[in-house]
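**Q**
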Ligand code: PEP
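In our numbering, the protein residues as written are 1 to 248.
1. Would you list, in sequence order, the uninterrupted beta strand (DSSP E) runs of no fewer than 3 residues that lie entirely inside the region 24 to 98?
2. Our contact map puts residue 127 next to residue 113 with C-beta atoms below 8 angstroms; I'd like the distance itself, whole angstroms only.
3. Tell whether a beta-carbon distance below 8 angstroms holds between residue 131 and residue 195.
4. Ends of the alpha helix (DSSP H) at residue 192?
5. Specify, as a first and last residue, the run of the beta strand (DSSP E) that residue 127 falls within.
6. When the Cα atoms are used, what is the spatial distance from residue 107 to residue 145?
7. According to DSSP, which residues form a beta bridge with residue 163?
8. Just the Cα atoms here: how many angstroms apart are residue 143 and residue 181?
9. I need the DSSP call for residue 233, collapsed to helix, strand or coil.
10. Note down the Cα distance separating residue 42 from residue 10, rounded to an integer number of angstroms.
11. Rounded to whole angstroms, what's the CA-CA distance from residue 16 to residue 198? Just pull it up for me.
12. Which stretch, first to last residue, makes up the alpha helix (DSSP H) that contains residue 9?
13. Alpha carbons only, please: which of 164, 89, 188 and 247 is nearest the one belonging to residue 229?
14. Is the closest heavy atom of ligand 1 to the C-beta of residue 234 under 7 angstroms?
15. Which word fits residue 216, buried or exposed, when buried means at least 16 other C-beta atoms lie within 10 angstroms of its C-beta?
16. Assign residue 184 to buried or exposed, taking buried as 16 or more other Cβ atoms, counted over all protein chains shown, within 10 Å of its Cβ.
17. For residue 228, name the three-state secondary structure that DSSP assigns.
18. CA-CA distance, residue 39 and residue 203?
19. Look at the alpha carbon of residue 81 and the alpha carbon of residue 242, and state the distance between them as a whole number of angstroms.
20. Using a 10 Å radius around the Cβ and a threshold of 16 neighbouring Cβ atoms, would you call residue 13 buried or exposed?
21. Where does the unbroken alpha helix (DSSP H) through residue 106 begin, and where does it stop?
22. Taking 7 angstroms as the cut-off, is the beta-carbon of residue 165 closer than that to any non-hydrogen atom of ligand 1?
23. May I ask whether a heavy atom of ligand 1 can be found less than 7 angstroms away from the beta carbon of residue 15?
24. Using a threshold of 8 angstroms, state whether the C-beta atoms of residue 239 and residue 206 are closer than that.
Structure below.
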């Protein structure tokens with residue numbers, strides 16, 4: 001079953017309008033012949049400028065989060081409708097930093113995911129275990145719970161991208177081995193098959209995220225169930241283009 005690979009960057013709370021636009025201008029010619037879908041998820045305040053910077057390129061602009069409500073008294077939050085106005089195609093949801101530092105829960109992830117889908121925005125739903133969960137053997141249990149609760153009520157699972165991001169590998173320089181990433185992503189695909197349907201599971205894009213870089217991307221991308229990457233640190237530099245061109 002062929003799935004089009006998808007490489008997305010997550011700028012987190014980095015870059016300014018000026019440095020972001022400069023990076024996009026430098027990346028655009030380097031990624032223009034990519035065989036995968038390419039996106040950069042950027043801080044909300046940069047979305048209008050980055051959308052302009054990426055116009056006419058194959059780089060789509062995504063958001064780093066989205067709120068579930070249409071509008072209302074949610075100070076500091078951004079709705080799917082607001083993102084849509086700027087042509088935002090993707091929104092990261094349930095990133096471990098949101099779960100860890102901002103108290104986001106599986107229930108919230110679920111509401112955000114449904115709101116993104118209702119507005120035609122592709123959610124990139126992040127799941128992954130902490131180091132202690134991996135060490136005490138509960139990786140699959142934790143991820144199964146995140147998938148069951150986070151994806152409840154999704155009608156067309158093919159419209160969702162899943163990012164498997166072991167928390168211990170994010171921003172630490174410690175990457176999961178190719179085998180560890182493949183094993184857990186194969187588990188995620190199996191679980192999606194059980195929760196939705198086996199055929200749909202074969203069509204769902206599942207990325208790996210966690211210190212993926214220009215040096216380790218080829219090995220990770222060679223794994224049969226890994227369909228792409230969610231890239232933090234390496235998306236802030238030209239290395240992102242090397243990852244996008246992992247197959248060249
Ligand atoms: C991320 O934040 O999603 C991520 C994978 O970060 P890094 O690549 O820096 O580990």
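We put the CB at the ideal spot given by N, CA and C, even for glycine.
**A** So, from the listed chains and residues:
1. 37 to 42, 59 to 63 and 90 to 93
2. Actually they are not in contact, since the Cβ atoms of residue 127 and residue 113 sit about 12 angstroms apart, beyond 8 angstroms.
3. no
4. Element bounds for residue 192: 178 to 195.
5. DSSP places residue 127 inside the beta strand (DSSP E), whose first and last residues are 122 to 127.
6. 11 angstroms
7. 126 and 207
8. 13 angstroms
9. Residue state for residue 233 is assigned as helix, using DSSP reduced to three classes.
10. Straight through space, the alpha carbons of residue 10 and residue 42 are spaced by roughly 6 angstroms.
11. 43 angstroms
12. It is not in any alpha helix (DSSP H) - residue 9 instead sits in the beta strand (DSSP E) that spans 6 to 10.
13. Among 164, 89, 188 and 247, the Cα nearest to that of residue 229 belongs to 164.
14. yes
15. buried
16. buried
17. In the three-state reduction of the DSSP assignment, residue 228 falls in the strand class, which pools E and B.
18. 19 angstroms
19. 33 angstroms
20. Answer is exposed; the Cβ neighbour count stays below 16.
21. 106 to 118
22. It does: the Cβ of residue 165 is within 7 angstroms (strictly closer) of some heavy atom of ligand 1.
23. Distances from the CB of residue 15 to the heavy atoms of ligand 1 are all 7 angstroms or more.
24. With a cutoff of 8 angstroms on beta-carbon distance, residue 239 and residue 206 are scored as not near each other.
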